[in-house]
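In the order they appear, the protein sequences are chains A and B.
For the first sequence, the residue numbers in the UniProt record's numbering are 1 to 570.
For the second sequence, the residue numbers in the UniProt record's numbering are 1 to 570.
Number of protein chains: 2
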Amino acid sequence: MRTSQFFLSTLKEAPNEAELPSHKLMLRAGLIKKLGSGLYTWMPLGLRVLRKVEAVVRDEMTKAGALELLMPAIQPAELWQESGRWAVFGPQMLKMKDRHERDFCFGPTHEEVITDIGRSEIKSYKQLPLNFFQIQTKFRDEIRPRFGVMRAREFVMKDAYSFHADLASLQQTYDGMYRAYSNVFSRLGLKFRAVAADTGAIGGDGSHEFHVLADSGEDALAYCPTSDFAANVELAEALAPADSRPAPAEALRDVDTPKQTTCEQVAALLEIPLQRTVKLIALMAEDKLNIVLLRGDHSMNEVKVGKLAGMTDFRFATEEEIRSFFNCPPGFLGPVGVDRSKVRLIADRAVAVMNDFVCGANKPKFHIAGVNWGRDLPEADIVADVRNVVAGDPSPDGKGVLEICRGIEVGHIFQLRTKYSEALSCTFLDAEGQTKPMEMGCYGIGVSRIVGACIEQNFDDKGINFPVAMAPFQVAVVAVGYHRSEAVKAAADKLYAELLAAGIDVLLDDRNERPGVMFADIELIGIPHRITIGDKNLANGDIEYQARRDPAASLVKVEEAAAMMKAKLA
Amino acid sequence: MRTSQFFLSTLKEAPNEAELPSHKLMLRAGLIKKLGSGLYTWMPLGLRVLRKVEAVVRDEMTKAGALELLMPAIQPAELWQESGRWAVFGPQMLKMKDRHERDFCFGPTHEEVITDIGRSEIKSYKQLPLNFFQIQTKFRDEIRPRFGVMRAREFVMKDAYSFHADLASLQQTYDGMYRAYSNVFSRLGLKFRAVAADTGAIGGDGSHEFHVLADSGEDALAYCPTSDFAANVELAEALAPADSRPAPAEALRDVDTPKQTTCEQVAALLEIPLQRTVKLIALMAEDKLNIVLLRGDHSMNEVKVGKLAGMTDFRFATEEEIRSFFNCPPGFLGPVGVDRSKVRLIADRAVAVMNDFVCGANKPKFHIAGVNWGRDLPEADIVADVRNVVAGDPSPDGKGVLEICRGIEVGHIFQLRTKYSEALSCTFLDAEGQTKPMEMGCYGIGVSRIVGACIEQNFDDKGINFPVAMAPFQVAVVAVGYHRSEAVKAAADKLYAELLAAGIDVLLDDRNERPGVMFADIELIGIPHRITIGDKNLANGDIEYQARRDPAASLVKVEEAAAMMKAKLA
Numbered sequence: 001m002r003t004s005q006f007f008l009s010t011l012k013e014a015p016n017e018a019e020l021p022s023h024k025l026m027l028r029a030g031l032i033k034k035l036g037s038g039l040y041t042w043m044p045l046g047l048r049v050l051r052k053v054e055a056v057v058r059d060e061m062t063k064a065g066a067l068e069l070l071m072p073a074i075q076p077a078e079l080w081q082e083s084g085r086w087a088v089f090g091p092q093m094l095k096m097k098d099r100h101e102r103d104f105c106f107g108p109t110h111e112e113v114i115t116d117i118g119r120s121e122i123k124s125y126k127q128l129p130l131n132f133f134q135i136q137t138k139f140r141d142e143i144r145p146r147f148g149v150m151r152a153r154e155f156v157m158k159d160a161y162s163f164h165a166d167l168a169s170l171q172q173t174y175d176g177m178y179r180a181y182s183n184v185f186s187r188l189g190l191k192f193r194a195v196a197a198d199t200g201a202i203g204g205d206g207s208h209e210f211h212v213l214a215d216s217g218e219d220a221l222a223y224c225p226t227s228d229f230a231a232n233v234e235l236a237e238a239l240a241p242a243d244s245r246p247a248p249a250e251a252l253r254d255v256d257t258p259k260q261t262t263c264e265q266v267a268a269l270l271e272i273p274l275q276r277t278v279k280l281i282a283l284m285a286e287d288k289l290n291i292v293l294l295r296g297d298h299s300m301n302e303v304k305v306g307k308l309a310g311m312t313d314f315r316f317a318t319e320e321e322i323r324s325f326f327n328c329p330p331g332f333l334g335p336v337g338v339d340r341s342k343v344r345l346i347a348d349r350a351v352a353v354m355n356d357f358v359c360g361a362n363k364p365k366f367h368i369a370g371v372n373w374g375r376d377l378p379e380a381d382i383v384a385d386v387r388n389v390v391a392g393d394p395s396p397d398g399k400g401v402l403e404i405c406r407g408i409e410v411g412h413i414f415q416l417r418t419k420y421s422e423a424l425s426c427t428f429l430d431a432e433g434q435t436k437p438m439e440m441g442c443y444g445i446g447v448s449r450i451v452g453a454c455i456e457q458n459f460d461d462k463g464i465n466f467p468v469a470m471a472p473f474q475v476a477v478v479a480v481g482y483h484r485s486e487a488v489k490a491a492a493d494k495l496y497a498e499l500l501a502a503g504i505d506v507l508l509d510d511r512n513e514r515p516g517v518m519f520a521d522i523e524l525i526g527i528p529h530r531i532t533i534g535d536k537n538l539a540n541g542d543i544e545y546q547a548r549r550d551p552a553a554s555l556v557k558v559e560e561a562a563a564m565m566k567a568k569l570a
Numbered sequence: 001m002r003t004s005q006f007f008l009s010t011l012k013e014a015p016n017e018a019e020l021p022s023h024k025l026m027l028r029a030g031l032i033k034k035l036g037s038g039l040y041t042w043m044p045l046g047l048r049v050l051r052k053v054e055a056v057v058r059d060e061m062t063k064a065g066a067l068e069l070l071m072p073a074i075q076p077a078e079l080w081q082e083s084g085r086w087a088v089f090g091p092q093m094l095k096m097k098d099r100h101e102r103d104f105c106f107g108p109t110h111e112e113v114i115t116d117i118g119r120s121e122i123k124s125y126k127q128l129p130l131n132f133f134q135i136q137t138k139f140r141d142e143i144r145p146r147f148g149v150m151r152a153r154e155f156v157m158k159d160a161y162s163f164h165a166d167l168a169s170l171q172q173t174y175d176g177m178y179r180a181y182s183n184v185f186s187r188l189g190l191k192f193r194a195v196a197a198d199t200g201a202i203g204g205d206g207s208h209e210f211h212v213l214a215d216s217g218e219d220a221l222a223y224c225p226t227s228d229f230a231a232n233v234e235l236a237e238a239l240a241p242a243d244s245r246p247a248p249a250e251a252l253r254d255v256d257t258p259k260q261t262t263c264e265q266v267a268a269l270l271e272i273p274l275q276r277t278v279k280l281i282a283l284m285a286e287d288k289l290n291i292v293l294l295r296g297d298h299s300m301n302e303v304k305v306g307k308l309a310g311m312t313d314f315r316f317a318t319e320e321e322i323r324s325f326f327n328c329p330p331g332f333l334g335p336v337g338v339d340r341s342k343v344r345l346i347a348d349r350a351v352a353v354m355n356d357f358v359c360g361a362n363k364p365k366f367h368i369a370g371v372n373w374g375r376d377l378p379e380a381d382i383v384a385d386v387r388n389v390v391a392g393d394p395s396p397d398g399k400g401v402l403e404i405c406r407g408i409e410v411g412h413i414f415q416l417r418t419k420y421s422e423a424l425s426c427t428f429l430d431a432e433g434q435t436k437p438m439e440m441g442c443y444g445i446g447v448s449r450i451v452g453a454c455i456e457q458n459f460d461d462k463g464i465n466f467p468v469a470m471a472p473f474q475v476a477v478v479a480v481g482y483h484r485s486e487a488v489k490a491a492a493d494k495l496y497a498e499l500l501a502a503g504i505d506v507l508l509d510d511r512n513e514r515p516g517v518m519f520a521d522i523e524l525i526g527i528p529h530r531i532t533i534g535d536k537n538l539a540n541g542d543i544e545y546q547a548r549r550d551p552a553a554s555l556v557k558v559e560e561a562a563a564m565m566k567a568k569l570a
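If you want it as structure tokens, here you go:
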């Protein structure tokens, strides 16, 4: 492609609303253009990147035996009513009525539709297993669309759904999808991590997320560098401390904390480690107050709390509810002296082994120190793992200590089991002639999100730094003086033709612009290899080669340039 | 691909609701599966066909210099309000509100969005011309979805939009699109015709439709076998008769027509040619009655009528309006004796030169014969071309006589001119620094409709008869006894590998089924070439080759089979 026949549209500054580097850079590079909140046009340059991602996803899915189909984006409400999700999916689902006032939605996902296909097309175990996938535009009406294509409302997703006669077959396909996903992200040149993920109401251990690693990632991931363990922090278990609780050594006493309402402030005032403090979080569940106690340096894990008996639909207590029960403002709350007949006390494992700790005194402007279980307050009603792991925690597999990194979720594989096949009567006849619901799996990749995630991982102050597999063009040939130098024009046209003939995805920058403008554009849009052809070097038979990720350029003989690029891209 | 790893799902009978052969065959062959009214899943077999069409469209658009992008499917109402189409597009547009109660639609077309992109991205004549295209899912809420993918609600469309500094540039791109469209349909192996089409309110002659020819086509096309003339019947001009009106020869007289209410019945009763009769059609426009007179054998052309002064928004008169004016029931209406101060009389050119004609008498059960202009009624207020051409009419280019065929519209190219650029202030600075609205063109192809149209043109009693370019597989290797004969398995696997290595799209039917079942499936789904490998022929070193379109099969040496297929597909 020649820039003169293409559409490059770069900006010096990104619009103010863009927060993340990838969002800013995608707008500045002209990969996308905003139509409305969470709605983006993929401009020709960006679509080239998106299509490259799609092609790798399609190839790996096909190699793994999945069959591509294409389901409608618009789905009738009836199927969602049958699965029970029409009422519960919430406002993320874009609903509409057709001209006959029938209810439809723009599919946020396709479990219902594929299960409907499965129940009418699959009759016998002989047809199983089957794995169908599609690459399709989806819509989720995010309450606050942001981060450009990373949390857009309309987006491109690869979703796959598999059908099985038994769990062993599901596990086999699931493992194949795990490998296929790993291949996809490896081939795209991304640093990524697969982590065990929460399976929610379905339970079991059949769910993994795939994350592109980036400092800006919304998800915290726990992994063990000396073992295979990796899990979303939501799921990673904080083991019970190995040591038992020491005996009380201090007397219980009030501490004057006139302005100190957080553990950090109290620890600083008392000049003690934060690990000696305990914080209290008040939650309501089933109309009852629950008190969660955490060590001052720990944070609550809502997924773990939600899995405790009676806590499925918990919410944070309101300030009004707190004041009514404790007769004290938030910031000074503590577990000592509360009416335990009216409240359930949930202590994190780490708190349950503490002695002589500091916590709120349940009166304004005071904390208490030297608090001890048994002596100053009854033991907790429940001791459980309710905190997020932190770096340095022991790995749950006992093979080292955890580290924490941040990731952007780009893939998720999940063993649905029989959730949808039972709801929609998607059954088959097994070898014994018995009717059974099919085991199912689902496997998603955020195709358009990958582009943003890749840029979060690959950028510098000049712009985007695409891996070769995702770059809009593999090579840029910058012809300086194309319109005034016959020699430059001849050399550039010849090299361009040679690279094209070698199947290389090359952009010939034949614009009548200053070199600085051309260089800046090529760097901003992230082309990994740049060859500059200008009169000065050409007089010596040279062209200049610059790798996007290398600091220095080098001179190469003009007749060797095509061979060099072929070798680099082989 | 092996059938054992693919998903074939054929039916003996099509669902009753399917009317057209293509709809029946697509369901029977398992190319598509219905989700709801006008909503179809493209099953793996069908998606292979759709993707082949997409690939050819994409390739020809790119070769013609168009740049692919991808605009959102969901569009904000504001742009449509700006163009004035939000209120007038009608119930075909699927409208919805997002979670913030803002209005959106599922884009039925993208003129507004692309014009919004153009106005913000294009500033100078130096950037022009530009031609953008996308291949995308669209939605139009048809009042009566039918014919499967041919008139579905959700469908795949290629839409392109071009921007220009002047009309000459638009014409150049338009001509390029005309050639690209011709290439697309030629490469897909379709018999098609490009015809001049109506430009509606925009006027001018810049619109062509591309039709796949098929007896079941909804559109009538007029063309001249001895010249280049071809036009949708909506548009084809019926020239004024060369001969002038003969003098009256008969006396005006009542004719008793007790049960004869149509020209056909009256002509039969009187034993005269239908061409001697005149029919009357009553239309309302601008609150005034208009009478259109047509020869008995002609039909009214509503597009032509709508272009007459004062007739833009005409409608047919109700029976009540007819009875109130004529004091006579429909079936016996005529132009003689009506109060011409209250009605406008529009005579088709053919009627204007008739003498001694027969028409309704304006009293029940009577017609009148021997009617003559001037003598029996005043000359018409307007003489115009208001009928559809018929086979045998002179070609408007004067180079022969017209024939009529039927077609399915699969493409449409259109010179929008400045309709949208003026409405949305999509302007540029020309070489003189003047601000001007851009000239625009739009170019659509019904990608998913092409699959149905192709089948309407290519089927027989065994099933679909795909052209090679659109077939889901180019070759089927049917291995009879694959699971019980080592020789068959070895020969089939070897040939399959050889064909795959040659880049041929081959399906190896390795099912454990009777030959009749396998043959019937391969014929139904329309694979153009079939090679059968069975023990009997293999004993003589032969395989059987059968072209889908040839009556007879032939024996070929097994070692020559791959070379033969390569030669046939070269």
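We put the CB at the ideal spot given by N, CA and C, even for glycine.
| Item | Value |
| --- | --- |
| Give a yes or no on whether the C-beta atoms belonging to Lys494/B and His529/B are separated by under 8 angstroms. | no |
| Could you spell out where the alpha helix (DSSP H) holding Pro44/B opens and where it closes? | 44-63 |
| For Gly481/A and Asp535/A, I'd like the C-alpha separation in whole angstroms. | 8 angstroms |
| Answer yes if the segment 440-447 of chain A comes into contact with the segment 154-161 of chain A, meaning at least three C-beta pairs across the two stretches below 8 angstroms, and no otherwise. | yes |
| What does Glu17/A reach in chain B if we use C-beta pairs closer than 9 angstroms? | Going along chain B, no residue has its Cβ under 9 angstroms from Glu17/A, so there is no contact; the nearest lies around 15 angstroms. |
| Give the straight-line distance between the Cα atoms of Val386/A and Ala249/A, rounded to the nearest whole angstrom. | 27 angstroms |
| Applying the 10 Å Cβ sphere with the 16-neighbour rule, what's the burial state of His483/B? | exposed |
| Determine the burial state of Lys33/A: buried for a count of at least 16 other Cβ atoms within 10 Å of its Cβ, exposed for fewer. | buried |
| Under the DSSP definition of a beta bridge, which residues are partnered with Pro394/B? | Val401/B |
| Can you check which of these residues, Arg253/B, Gly36/B, Asp254/B, Leu47/B, is closest to Met470/B by C-alpha distance? | Leu47/B |
| Tell me where the alpha helix (DSSP H) around Pro21/B begins and ends. | 21-28 |
| Considering just the uninterrupted stretch of the beta strand (DSSP E) at Cys442/B, what are its terminal residues? | 439-446 |
| Which whole-angstrom value is the C-beta distance of Val338/A and Ala238/A, which I expect to be below 8 angstroms? | Val338/A to Ala238/A, Cβ: 25 angstroms. No contact. |
| Return the CA-CA distance between Ala384/B and Arg245/B, expressed in angstroms with no decimal places. | 15 angstroms |
| Suppose contacts are defined by Cβ-Cβ distances below 8 angstroms. Is Val475/A in contact with Val447/A by that definition? | no |
| With distances taken from CA atoms, which of Met177/B, Leu429/B, Lys307/B, Phe325/B is nearest Ser120/B? | Leu429/B |
| Short of 9 angstroms Cβ to Cβ, which residues in the segment 71-87 of chain B face chain A? | Met71, Pro72, Ala73, Ile74, Gln75, Pro76, Glu78, Leu79 |
| State yes or no: is the beta carbon of Ile117/A nearer than 8 angstroms to at least one beta carbon in chain B? | yes |
| Closest Cβ-Cβ distance between Asp175/B and chain A: below 8 angstroms? | no |
| Check Gly36/B in the structure and name its three-state DSSP category. | strand |
| Name the chain B residues that come within less than 9 angstroms of Gln5/A, Cβ to Cβ? | Gly65, Leu67 |
| Helix, strand or coil for Pro129/B? Go by DSSP, reduced to three states. | coil |
| Relative to the alpha-carbon of Leu39/A, which residue among Gln260/A, Asp141/A, Glu78/A has its alpha-carbon at the smallest distance? | Asp141/A |
| Per DSSP, what kind of secondary structure is Pro515/A in: helix, strand or coil? | helix |
| Buried or exposed: which applies to Val517/B, given that a residue is buried once 16 or more other Cβ atoms fall within 10 Å of its Cβ? | exposed |
| Determine the DSSP secondary structure at Trp373/A, reduced to helix, strand or coil. | strand |
| DSSP three-state call for Asp550/A: helix, strand or coil? | coil |
| What are the boundary residues of the alpha helix (DSSP H) that includes Ala567/A? | 561-569 |
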